[in-house]
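Following: one structure in structure tokens, then a few remarks.
Protein chains: 2
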Amino acid sequence: MDRHTTAAAADDTPGAGGPRSAATRRAILDAARATFAARGYEQTTIRAVAAQAGIDPSMVMRYFGSKAGLFAAAATVDLPVPDLTSVPVRRRGEALVRHVVQRWEGSLGDDSLVLLLRTAVTNDEVAAQLQNQMNQLVIEPVAALGDPHASRRGALIGTQLLGLALCRYILRLEPLSSLPVETLVGSIAPTIQRYLTERVED
Amino acid sequence: MDRHTTAAAADDTPGAGGPRSAATRRAILDAARATFAARGYEQTTIRAVAAQAGIDPSMVMRYFGSKAGLFAAAATVDLPVPDLTSVPVRRRGEALVRHVVQRWEGSLGDDSLVLLLRTAVTNDEVAAQLQNQMNQLVIEPVAALGDPHASRRGALIGTQLLGLALCRYILRLEPLSSLPVETLVGSIAPTIQRYLTERVED
């Protein structure tokens with residue numbers, strides 16, 4: 061299942077069709093990710109992104125409408141949503157942890173979840189986007205299992221997974237940052253498993 | 061406390077002690093917490109804090125040395141360190157969660173842990189301070205139980221507790237922010253309990 065949400069809606073803009081516009085769009089997004097990551101959301105300007113992409117600022121506005129629109133597109137997590145229905149019940153916690161940790165252990169220079177998280181703590185609009193991401197990545201897969209308490213389970217899972225992301229990839233707290241991935245997965249999987257399966261009083 | 065006695069305050073010297081210098085110090089810290097919380101670390105200036113406190117900027121420098129020094133003093137968490145040795149083993153996870161959540165559920169406008177966390181995600185010096193706080197609040201109490209794996213257990217506990225703080229008090233993600241405290245404690249305590257007691261392979 062693949063929900064890449066950076067759909068090229070801007071390609072419908074008059075005069076902006078074809079492969080050239082897709083390349084421009086990609087160049088703007090690459091420049092935006094680099095600039096947002098280096099300067100943070102508040103200090104990033106459309107002008108700086110345009111300069112980095114080697115195009116005119118008006119083009120950035122034409123494609124993305126605003127800085128918030130540009131950030132939304134740049135920070136959209138392209139993590140495929142896990143399909144828990146195909147995983148045996150008792151291994152779902154581990155599957156979910158492994159899914160996100162493997163993504164995060166990759167190259168983090170342009171990691172969009174880290175960018176999103178770092179910005180969300182100081183900007184309410186961006187925090188709302190992170191809420192959407194959590195819904196897509198965690199709450200919807202749990203809801204897809206037919207669980208009536210999906211949203212509460214997903215919220216608890218979110219505290220553990222975002223806390224892990226925060227401590228290991230952003231704050232780089234020790235000894236957490238040095239723990240082997242398998243140790244982390246082994247310790248955190250039972251937490252997620254319990255949030256997925258614990259009895260909930262109505 | 062009168063915060064506009066600039067001339068009188070200028071007579072204070074750090075280390076001279078006495079009620080007047082203590083009052084000045086407190087006035088600066090109150091102003092610093094309010095200003096850091098409102099503007100964030102990067103946008104806060106010594107000058108702005110001094111103006112808020114009604115004293116000369118040179119006094120702030122005299123008392124705290126630098127903006128980083130001022131932040132360190134302002135954001136120091138005055139949460140008492142939990143004494144886990146007096147808690148029965150099987151209730152320690154719950155005790156630790158309850159201890160921090162009860163603190164966080166208080167008035168958050170000037171909450172120093174929230175301020176510290178928000179700043180730490182974008183500033184390495186402040187992240188190092190948060191590491192110290194985590195050591196004091198979580199790793200040392202666990203180490204005081206004589207556990208040779210205290211630092212690893214504390215690190216895992218930190219991911220869950222900071223993730224909770226992040227999602228509930230900073231990002232205010234739903235439905236997490238609306239869950240009753242007892243529900244939260246009931247769900248998260250077993251996680252902390254397991255991190256405190258799970259078998260660790262050497």
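Read top to bottom, the protein sequences are chains F and B. First residue of the first sequence: 61, per the numbering used here; consecutive thereafter. First residue of the second sequence: 61, per the numbering used here; consecutive thereafter. Yeah, the Cβ is synthetic: ideal placement off N, Cα and C, and Gly gets one too.
By the criterion of Cβ-Cβ separation under 8 Å, what are the contact partners of residue i in chain F?
i: residue 215/B; result: 227, 233, 234, 235, 236, 239
i: residue 218/B; result: 223, 227, 233, 236
i: residue 176/B; result: Near residue 176/B there are no residues of chain F at all, since even the closest Cβ is about 11 Å away, more than 8 Å.
Ignore the nearest five residues each way along the sequence and tell me which others in residue i's own chain have a CB closer than 7 Å to its CB.
i: residue 236/B; result: 227, 228
i: residue 252/B; result: 153, 156, 157, 217, 220
i: residue 92/B; result: 109, 130, 134
i: residue 233/B; result: 227
i: residue 205/F; result: 144, 145
i: residue 132/F; result: 189
Residues of chain F with a CB under 9 Å from the CB of residue i: which are they?
i: residue 254/B; result: 247, 250, 251, 254
i: residue 108/B; result: Those within 9 Å of residue 108/B in chain F number zero; the least Cβ separation is about 17 Å.
i: residue 190/B; result: 231, 233
i: residue 212/B; result: 235, 236, 239, 243, 247
What in chain F is Cβ-close to residue i, meaning under 7 Å?
i: residue 222/B; result: 223, 226, 227
i: residue 165/B; result: Those do not exist, as residue 165/B stays about 15 Å from chain F at its closest Cβ, beyond 7 Å.
i: residue 155/B; result: Per Cβ cutoff of 7 Å: no residues; residue 155/B is ~18 Å from chain F at best.
i: residue 119/B; result: Near residue 119/B there are no residues of chain F at all, since even the closest Cβ is about 29 Å away, more than 7 Å.
Cβ closer than 9 Å: which chain B residues qualify as neighbours of residue i?
i: residue 125/F; result: By Cβ distance, chain B contributes nothing, its closest Cβ being about 24 Å from residue 125/F, past 9 Å.
i: residue 122/F; result: None at all; the shortest Cβ gap to chain B is about 30 Å.
Starting from residue i and walking both ways along the alpha helix (DSSP H), at which residues does that stretch end?
i: residue 184/F; result: 184-194
i: residue 260/F; result: Where residue 260/F is concerned, there is no enclosing alpha helix (DSSP H), given that its DSSP letter is neither H nor E.
i: residue 123/B; result: 117-124
i: residue 211/B; result: 210-224
i: residue 106/B; result: 106-113
i: residue 130/F; result: 127-134
i: residue 148/F; result: Looking at the DSSP string, residue 148/F is not in any alpha helix (DSSP H), and its letter there is neither H nor E.
i: residue 165/F; result: Here residue 165/F belongs to no alpha helix (DSSP H), and DSSP marks it neither H nor E.
i: residue 204/F; result: It is not in any alpha helix (DSSP H) - residue 204/F carries neither H nor E in the DSSP assignment.
Can you list, in chain order, the residues of its chain whose CB lies under 8 Å from that of residue i, leaving out five sequence neighbours each side?
i: residue 150/B; result: 253
i: residue 95/F; result: 104, 108, 109, 112
i: residue 175/F; result: 93, 96, 97, 134, 135
i: residue 255/F; result: 153, 213, 216, 217, 220
Given a threshold of 16 other Cβ atoms within 10 Å of its Cβ, counted over all protein chains shown, does residue i qualify as buried or as exposed?
i: residue 223/B; result: buried
i: residue 86/F; result: exposed
i: residue 178/B; result: buried
i: residue 260/B; result: exposed
i: residue 210/F; result: buried
i: residue 142/B; result: buried
i: residue 212/B; result: buried
i: residue 201/F; result: buried
i: residue 238/F; result: exposed
Kindly list the residues whose CB is nearer than 6 Å to the CB of residue i, restricted to its own chain and excluding five residues on each side of it in sequence; keep chain order.
i: residue 198/B; result: 214, 217, 218
i: residue 147/F; result: 155
What does residue i reach in chain B if we use C-beta pairs closer than 8 Å?
i: residue 135/F; result: Within 8 Å Cβ-Cβ: nothing; residue 135/F doesn't reach chain B, min ~14 Å.
i: residue 100/F; result: 182
Could you tell me which chain B residues have their CB closer than 7 Å to the CB of residue i, listed as they occur along the chain?
i: residue 258/F; result: 247
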